[in-house]
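Quick note: the sequence shown uses our numbering, first residue 147, plus one each step.
Built from N, CA and C at the ideal position, the CB exists for glycine as well.
Here the structure comes first, spelled out in structure tokens, and everything after it is commentary.
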Amino acid sequence: MRCRYCGANIPDGILHCKECGGEVQIVPDYNPLEDMLAAHVKDALKNSHKASKGGVRSRANAEYGNSGRTAALRSDSMRGAEGRTSAIGSGGRTGYMDGGRTSAMRSGGRTGYIDGGRTSAMRGGGSRTGYMDGGRTSAMRGGGGRTGYIDGGRTSAMRGGGGRTGYIDGGRTSAMRGGGSRTGYITDGRSRRYTGNTAMLQEEWEAQRKQAERRKALKKKKRRKALSVLFFLIVIVLGILAGLFINSYAGKVYLGNRALRNGEYTKAEEYFQRAIGKDKKKAEGYAGLSKVYIAQNDVNSAEKLFLDVIEEQPENVAVYEAAFEFYLDTKQPMGIPALFKDAKSIVSEELPDYVVHEPEFSLDDTETYDDVQQLTLTSKEGEIRYTTDGSMPDTQSTVFTEPIQLGEGSNVIKAIVVNKEGVPSQTSEKEFTVELPIEDAPAVSPSTGQYDSERLIEIKVPEGYTAYYTIDGTDPTTASTPYKDALKMPKGETLFKAILVTKSGRVSGITTRNYVRE
147 MRCRYCGANI PDGILHCKEC GGEVQIVPDY NPLEDMLAAH VKDALKNSHK
197 ASKGGVRSRA NAEYGNSGRT AALRSDSMRG AEGRTSAIGS GGRTGYMDGG
247 RTSAMRSGGR TGYIDGGRTS AMRGGGSRTG YMDGGRTSAM RGGGGRTGYI
297 DGGRTSAMRG GGGRTGYIDG GRTSAMRGGG SRTGYITDGR SRRYTGNTAM
347 LQEEWEAQRK QAERRKALKK KKRRKALSVL FFLIVIVLGI LAGLFINSYA
397 GKVYLGNRAL RNGEYTKAEE YFQRAIGKDK KKAEGYAGLS KVYIAQNDVN
447 SAEKLFLDVI EEQPENVAVY EAAFEFYLDT KQPMGIPALF KDAKSIVSEE
497 LPDYVVHEPE FSLDDTETYD DVQQLTLTSK EGEIRYTTDG SMPDTQSTVF
547 TEPIQLGEGS NVIKAIVVNK EGVPSQTSEK EFTVELPIED APAVSPSTGQ
597 YDSERLIEIK VPEGYTAYYT IDGTDPTTAS TPYKDALKMP KGETLFKAIL
647 VTKSGRVSGI TTRNYVRE
């Protein structure tokens with residue numbers, strides 16, 4: 147390891163340089179107060195300083211050129227110029243070195259000027275002033291007061307026992323050490339160090355810190371006060387808004403719904419009645435009041451409420467919608483098409499989701515068919531439910547899945563369409579007539595005549611017919627004796643009459659036979 151101050155080799159484990167006595171500093175100290183001090187001492191440190199220890203004064207004048215070729219240091223003894231080595235011992239001495247590599251001035255009061263040299267030293271017991279520009283290493287040591295100016299050097303040190311002032315600008319490492327009080331200015335360097343008496347600066351820093359804390363506490367107090375005032379204002383505004391809301395239509399509906407949820411039906415009814423009194427055209431009050439009736443198992447009163455309002459306000463679409471929802475909630479969807487039946491066109495225009503079209507029939511109900519038929523129902527809006535017994539269909543009636551068989555006679559078909567939301571259409575009703583061809587009259591054997599032995603009377607019954615007969619001469623009807631099998635011809639004279647009746651009840655002509663059996 148090399149000494150950072152004089153360049154001498156330092157063995158491992160040694161903490162002081164044997165040549166210059168410099169302390170080995172492995173990790174440079176850094177004091178944050180240096181920057182505060184720097185601005186105050188920078189200008190003062192650029193000039194040379196006087197030292198007071200030892201009683202010896204030294205005067206030096208230096209003229210500095212950028213290339214370092216002309217410089218003069220005057221004293222009482224001698225001058226040297228442009229020599230490579232100049233040494234002066236004892237007494238007051240003056241040395242001049244320009245471009246030389248080594249210059250030493252020892253003993254007594256000394257003044258040295260070194261420009262461009264790589265190594266320079268000024269040592270002795272008196273007061274000393276050193277100036278170095280561009281050199282890489284500069285050291286000023288001794289026992290007296292010392293002033294050093296080093297600009298651009300990479301390493302610089304000022305050491306001694308007396309009061310010291312150092313100015314270092316641009317160096318990478320700088321230190322100011324000694325036994326007395328010390329002042330140092332360091333700028334642009336990579337490492338900085340300041341040691342010495344900093345009690346005054348510590349007190350100033352502590353005072354500034356406390357002042358900053360007081361300002362911070364004051365700001366915090368003001369902020370808390372502002373927040374308290376803001377909170378108070380917000381509470382007041384919210385209170386005013388709450389009061390306005392409670393007395394409004396929406397507020398009454400809100401209170402009614404809350405009372406309804408709590409089972410306070412009387413109070414809920416009162417709130418909803420007040421809401422309706424504030425605005426009779428809005429539907430929320432009616433809907434809430436209907437729920438109060440429903441909760442008390444009085445569905446009829448709830449339905450009547452809507453029907454009465456619709457009668458008074460036939461174009462109030464909002465009330466219609468509330469009524470439709472009432473029917474769906476109470477499992478009475480068929481009330482929707484019934485209510486739509488007499489509604490104004492504006493209702494269906496404004497509420498298309500509740501409008502479901504009737505199913506389509508594949509057969510024409512104005513035509514009479516002479517054969518059995520198959521009827522098909524279609525719709526694109528939902529499933530189809532129908533009846534064939536003349537009853538009104540509903541959402542629980544038979545679902546249409548295959549063609550309906552239309553037999554002989556009259557066939558009444560009623561059907562509705564139910565969409566995905568469970569809303570049914572109006573009921574579509576049609577009657578279809580099927581008339582099959584019929585026999586003119588049934589065939590009866592034997593024919594009319596006189597018979598001397600027992601004979602059997604037979605009626606030929608076609609498929610799909612039922613035969614009825616009489617033997618007393620009256621015309622047969624469906625109330626007469628139905629023919630099941632051949633019967634014996636009675637003795638004496640018999641007037642036999644017979645008819646055929648289809649399944650649809652159509653009656654054929656009468657066949658008459660006159661029998662005489664001896």
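Expressed to the nearest angstrom, what Euclidean distance is found between the alpha-carbon atoms of residue 196 and residue 166? For residue 196, the pLDDT reaches just 47, beneath the cut-off of 50, and the residue's location in the model is therefore unreliable, leaving the point undetermined.
CB-CB under 6 Å to residue 590, same chain, minus the five flanking residues each way: which ones, in chain order? Setting aside the 5 residues that flank it on each side, residue 590 is surrounded in the same chain by 605, 644, 657 and 659, each with a C-beta closer than 6 Å to its C-beta; the list follows chain order.
Leaving out the 5 sequence neighbours to the left and right, which residues in its chain are closer than 8 Å to residue 451 when beta-carbon positions are compared? 432, 435, 436 and 439
Go to residue 456, then tell me how far its alpha helix (DSSP H) extends in each direction, as first and last residue. From DSSP, the alpha helix (DSSP H) with residue 456 extends over 445 to 458.
Which of the three DSSP states is assigned to residue 509 in this structure? coil
Who does residue 158 pair with in a DSSP beta bridge? Beta-bridge partners assigned by DSSP to residue 158: none are found.
Just curious, the alpha helix (DSSP H) that residue 660 is in, first and last residue? The continuous stretches of alpha helix (DSSP H) do not include residue 660, which lies in the beta strand (DSSP E) extending over residues 657 to 663.
Would you list, in sequence order, the uninterrupted alpha helix (DSSP H) runs of no fewer than 4 residues that lie entirely inside the segment 347 to 431? 395 to 407 and 411 to 424
Taking the straight line between their C-alpha atoms, what separation do you get for residue 428 and residue 468? 10 Å
Roughly how far, in whole angstroms, is the beta-carbon of residue 581 from the beta-carbon of residue 514, given that I think they are within contact range, below 8 Å? 6 Å
Please say whether residue 611 and residue 640 have beta carbons closer to each other than 8 Å? Not closer than 8 Å, so no.
Can you tell which of 511, 651, 498 and 637 has the C-alpha that lies nearest to the C-alpha of residue 595? Checked all of 511, 651, 498 and 637; the closest Cα to residue 595 is 637.
Put residue 487 into one of helix, strand or coil per three-state DSSP. helix
Taking DSSP as the reference, what is the three-state secondary structure of residue 626? In the three-state reduction of the DSSP assignment, residue 626 falls in the coil class.
Taking the alpha-carbon positions, what's the residue 508 to residue 530 distance? If you take the alpha carbons of residue 508 and residue 530, they lie about 14 Å apart.
If you follow the beta strand (DSSP E) that residue 532 is part of, which residue opens it and which one closes it? Where residue 532 is concerned, the enclosing beta strand (DSSP E) starts and stops at 529 to 533.
Between the Cα of residue 540 and the Cα atoms of 354, 648, 382 and 560, which residue gives the shortest distance? 560
Going by DSSP, what residue range makes up the beta strand (DSSP E) through residue 465? Not the beta strand (DSSP E): residue 465 falls in the alpha helix (DSSP H), residues 463 to 475.
What are the partner residues of residue 644, as DSSP defines its beta bridges? 615 and 657
Which residue wins for smallest C-alpha separation from residue 632, given the options 478, 425 and 614? 614
Cα-Cα separation, residue 564 to residue 472: 17 Å
Contact between the segment 481 to 491 and the segment 519 to 533: three or more CB pairs below 8 Å? no
Opening and closing residue of the beta strand (DSSP E) in which residue 595 lies: 595 to 597
Give the secondary structure of residue 515 by DSSP, where H, G and I count as helix, E and B as strand, and everything else as coil. strand
Considering only residues of the same chain and omitting the five flanking positions on each side of residue 460, which have a CB-CB separation below 8 Å? 489 and 490
Is the Cβ-Cβ distance between residue 442 and residue 411 less than 8 Å? yes
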